[in-house]
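Undergrad: Positions 104 to 503 (the working numbering) are the ones given, in order, by the sequence shown.
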Amino acid sequence: MDKNWAIAIGINQYRNLQPLQFAVRDADAMQDYFLNEVSFQKVYPFSDHSPPIQQDYGSPLDSTPTFTTLKRFLRTRFDKPFLQTGDNLWFFFAGHGIRHEDRDYLMPIDGDPGDIDGTAIPIAYVTERLRRSGADNVVLLLDACRNEGRRSGVGVGEEVQPGVITLFSCSPHEVSYEIETIQQGAFTQVLLQGLRLQGEANCATVERLDQHLRHSLPQLNQRHAKPRQTPYVTVEPAAKYHLILLPRYATVRDADNLKMEAFKAETAQNYELAEQFWIRVLTVSPADPDAIQAIRRLPQMPLEKQANINSLFASKLIEDAQSSRGQQVKVAINLKQKTLQSMKHRTLIPLLRLVVVTLGFYLLAWATGSQWLVAIFGISAGVLLFLYVTLVILCVMNFD
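#1: Counting pairs of beta carbons, one from the segment 317 to 330 and one from the segment 276 to 285, are three or more of them closer than 8 Å?
#2: Nearest CA to the CA of GLY297: which residue from LEU466, ILE112, TRP193 and CYS306?
#3: Could you pull out every residue in the same chain whose Cβ sits closer than 6 Å to the Cβ of ALA358, ignoring the five residues on either side in sequence?
#4: Among GLY198, ALA132, THR461 and THR471, whose alpha-carbon lies nearest the alpha-carbon of GLY479?
#5: With distances taken from CA atoms, which of ALA197, TYR208 and ARG235 is nearest THR222?
#6: Should the segment 210 to 220 be called in touch with the segment 123 to 137, which here means at least 3 C-beta pairs below 8 Å?
#7: Assess contact between the segment 229 to 236 and the segment 167 to 182, defined as three or more Cβ pairs (one per stretch) separated by less than 8 Å. Is contact present?
#8: Rounding to the nearest angstrom, what Cα-Cα distance links MET363 and GLY288 in this structure?
#9: Of all the options PRO340, LEU192, GLY217 and ARG206, which has the alpha carbon lying nearest to the alpha carbon of ASN240?
#10: Classify GLY200: buried if its beta carbon has 16 or more other beta carbons within 10 angstroms, exposed otherwise.
#11: If I measure Cβ to Cβ from PRO168 and keep anything under 7 Å in the same chain, skipping five residues before and after, which residues do I get?
#12: Going by beta carbon distance, what residues of the same chain come within less than 6 Å of PRO225, once the five residues before and after it are set aside?
#13: To the nearest whole angstrom, what separates the beta carbons of TYR335 and SER274, a pair I think is in contact under 8 Å?
#14: Measure from the alpha carbon of PRO122 to the alpha carbon of each residue in ALA197, LYS106, GLY189 and LYS145, then state which is nearest.
#15: With 16 as the cutoff for other CB atoms within 10 Å, does GLY472 come out buried or exposed?
#16: Could you name the residues that DSSP lists as bridge partners for ASN240?
#17: For LEU376 and LEU401, what's the separation of their Cα atoms in angstroms?
#18: With a Cβ-Cβ cutoff of 8 Å, do ASP100 and GLY237 count as a contact?
#19: Please tell me whether ARG486 and ARG351 are closer than 8 Å, where the distance is taken between their beta carbons.
#20: Near VAL242, what residues of its chain come up, given a Cβ to Cβ distance below 6 Å and the 5 sequence neighbours on each side ignored?
#21: Less than 8 Å between the beta carbons of SER319 and VAL293, yes or no?
#22: The alpha helix (DSSP H) spanning SER319 covers which residue range?
#23: Specify, as a first and last residue, the run of the beta strand (DSSP E) that GLU281 falls within.
#24: Looking at the structure shown, is PRO148 part of a helix, part of a strand, or coil, going by DSSP?
#25: Over the uninterrupted beta strand (DSSP E) stretch that includes ALA111, give me the two end residues.
Here is the structure:
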């Protein structure tokens, strides 16, 4: 449960189309975000320079994004389900796209505009294969509209993909721009900014990520003297507009909004969709009583899924408890360190100085031959030194 897998494709050196500058850089940036910032379990990179992909079995997979390689990968990797309800599969593409005979296509590195049927990959085929993964949530991030500093895909985006959340870098009949000063596509730049937001302003849901893109992307293009570029999202079913994409950044308010959609889905007897929503509520708030009761009452929830969800619930509680315990330990350590520092500066250092001064008077008295002063300062120095050593030992025992 709550697994995230991704595919990141970026193509610069097209063989039959205008080369691009920063599509590969965009795909690399997305791969780095998926792996290193949000800890996805698996990312498959395909680009001009990406190394062969190590597989669980067999020889490494060629990662050059040709028509044959991408079609074979989509056909073989997604032949059988390997994810499940509550999991997400992300697909990022930066390159050229084209609309042909009322269908949207992605252009691989060897795509030929004169032979669309034989060298381009229909987006509908991509989504059909991705949905075979078993993940109940498929997210397409398509920057497929570039040409000569622009990503050309005029008309791409008019075809709605069933059961899929699709974020397009620009509206149909617009183009997507690359920005030389930041060496990145405008869409990817703003997309990553949104995905990294935390707190109340986060973009953990489809709705707020869409709002962020539509607000920030035109502003970015305007600042860099680029024509207007209007990103947009298609969501099927529409109720997934409130879906939580990044549970680690989501708030209780996000979970409450999704709970409303879950109740609506149950009322409409769309139990499969309700199940998806309730599971994602649990990923944000694992002790939510409404979600727990709903999961137990859903009429078509198999026992195996019930067991998986109970396991998810238990693991989330353990994770939260461990996190809370870790915070408590950190606070205790910080408190001990501060106390030690305070004792060091307020007690130990002044006491040590007093010991040194007393020893100085003792040596002076010994040099002058005054026996009674030698006795007084000797005893005083001994007592002070004993106190100092005792305090140091106590500090070591209590604050180690």
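Even for Gly, the Cβ is constructed at its ideal location relative to N, Cα and C.
TA: Let's see:
#1: Three or more beta-carbon pairs separated by less than 8 Å link the segment 317 to 330 to the segment 276 to 285, which places the two stretches in contact.
#2: Residue CYS306 is the option with its Cα nearest to GLY297.
#3: Only VAL384, VAL387 and SER388 meet the Cβ criterion.
#4: Gly is not the amino acid found at residue 479; the sequence shown has Ile there. Put simply, of GLY198, ALA132, THR461 and THR471 the residue whose alpha carbon is nearest the alpha carbon of ILE479 is THR461.
#5: Considering only alpha carbons, the answer is TYR208.
#6: Using a C-beta cut-off of 8 Å, the segment 210 to 220 makes no contact with the segment 123 to 137, since fewer than three inter-stretch Cβ pairs fall below that distance.
#7: Contact check between the segment 229 to 236 and the segment 167 to 182: three or more CB pairs, one atom from each, fall below 8 Å, which counts as touching.
#8: Taking the straight line joining both Cα atoms gives about 36 Å.
#9: Minimum Cα distance to ASN240 is reached at LEU192.
#10: In the assembly as shown, GLY200 is a buried residue. Its beta-carbon has 16 or more other beta-carbons within 10 Å.
#11: Hits under 7 Å: ILE112, ILE114, PHE149, SER150, PRO211 and ILE212.
#12: Result list for PRO225: ARG206 and TYR208, in chain order.
#13: So it is a contact: roughly 6 Å between Cβ atoms.
#14: Taking only the C-alpha atoms, the option nearest PRO122 is ALA197.
#15: With fewer than 16 Cβ atoms within 10 Å of its Cβ, GLY472 is classed as exposed.
#16: DSSP lists ASN191 as partners of ASN240.
#17: Each residue's CA atom was taken as its position, placing LEU376 and LEU401 some 11 Å apart.
#18: The requested residue 100 does not occur in the structure, where the chain is confined to residues 104 to 503.
#19: Contrary to the premise, residue 486 reads as Val rather than Arg in this sequence. Cβ atoms of VAL486 and ARG351: not closer than 8 Å.
#20: TRP193 and ILE268, listed in sequence order.
#21: Yes; because the gap between Cβ atoms is below 8 Å, this pair is in contact.
#22: Residue range 309 to 326 is occupied by the alpha helix (DSSP H) that includes SER319.
#23: Here the beta strand (DSSP E) through GLU281 covers 279 to 282.
#24: In this structure, DSSP gives PRO148 an extended state, which the three-state scheme calls strand.
#25: Element bounds for ALA111: 107 to 113.
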